[in-house]
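In this note's numbering, the protein residues as written are 166 to 351.
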Amino acid sequence: MKEKLGIQNIVIVGMILVVAFSRLMIHIPNFSPIAAMGLFGAAYFSKKYLAFVIPFMGLFLSNLFLNNVIYAQYFDRFMLFGPSDLYVYGAFAIVILLGFGLLKKVNLVNVIGASLVASIVFFLITNFSSFIALPVYPKNIGGLISAYVAGIPFFKYTILGDLVFVGVLFGGFALIRNTYFSKSIA
């Protein structure tokens, strides 16, 4: 049983890292696996610290590559953290915490609901960070509203990406678990 749990954790880690590095492929803006990684880790790691460590590691490593290879032309130095990463990582932590609460029982309704809530949380926090960080937005209620309005065209891709990637992770894991592992260890 312990050996199966170890193998199952390896599968979970592998799946999270694979989707984290899918961010390196050309894709529609905001169509990403970020929220799905957090929700998946929260739902399936029995050791809750791993639900933070592994998804954060995937996010950090993929960000490191994106910032210093793909987007290197936009920065004049090596970027360990990007300008808005504090907000992104904060939103990511909140998504994981939401996953602990919303995904105590993994089923289709809970996964879709958690994905939609995660999309909204991510939208609210990251667009707030744009308001704070970008000089284009005046630092008043009008500027805040403008920052959120500017994000609306991308929000549909956030929702779509979250739903697709939770489908890939949760659906793929259910298929693997039901094919290779006893249902009793999930």
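Positions of the beta carbon are idealized from the N, C-alpha and C atoms, including for glycine.
Measuring straight from C-alpha to C-alpha, what distance separates residue i and residue j?
i: residue 266; j: residue 330; result: 20 Å
i: residue 202; j: residue 180; result: 9 Å
i: residue 261; j: residue 207; result: 6 Å
i: residue 309; j: residue 290; result: 12 Å
i: residue 173; j: residue 215; result: 13 Å
i: residue 253; j: residue 287; result: 8 Å
i: residue 341; j: residue 185; result: 19 Å
i: residue 271; j: residue 244; result: 37 Å
i: residue 312; j: residue 319; result: 12 Å
i: residue 301; j: residue 316; result: 14 Å
i: residue 339; j: residue 241; result: 44 Å
Taking Cβ positions, are residue i and residue j nearer each other than 8 Å?
i: residue 324; j: residue 281; result: yes
i: residue 298; j: residue 249; result: yes
i: residue 177; j: residue 230; result: no
i: residue 274; j: residue 268; result: no
Around the Cβ of residue i, are there at least 16 other Cβ atoms within 10 angstroms (buried) or fewer (exposed)?
i: residue 190; result: exposed
i: residue 327; result: buried
i: residue 251; result: exposed
i: residue 344; result: exposed
i: residue 350; result: Because the pLDDT of residue 350 is 47, which lies under 50, any placement of that residue in the model is unreliable, and the question is left without a value.
i: residue 264; result: buried
i: residue 305; result: exposed
Within the 8 Å Cβ cut-off, does residue i reach chain B?
i: residue 303; result: Included in the structure is just one protein chain, with no chain B present.
Between the Cα of residue i and the Cα atoms of the options, which residue gives the shortest distance?
i: residue 258; options: 275, 243, 205, 304; result: 205
i: residue 182; options: 224, 240, 263; result: 224
i: residue 187; options: 346, 321, 334, 338; result: 334
i: residue 295; options: 314, 322, 175, 283; result: 314
i: residue 217; options: 306, 256, 339; result: 256
i: residue 171; options: 212, 192, 200; result: 212
Return yes when the C-beta of residue i is under 7 Å from any heavy atom of the ligand PLP, and no when it is not.
i: residue 217; result: This structure lacks the ligand PLP, and indeed carries no ligand of any kind.
Contact between the stretch 191-200 and the stretch 229-245 is defined here as three or more beta-carbon pairs at a separation below 8 Å; is this criterion met?
Taking one beta carbon from each stretch, the stretch 191-200 and the stretch 229-245 have fewer than 3 pairs nearer than 8 Å; the two do not touch.
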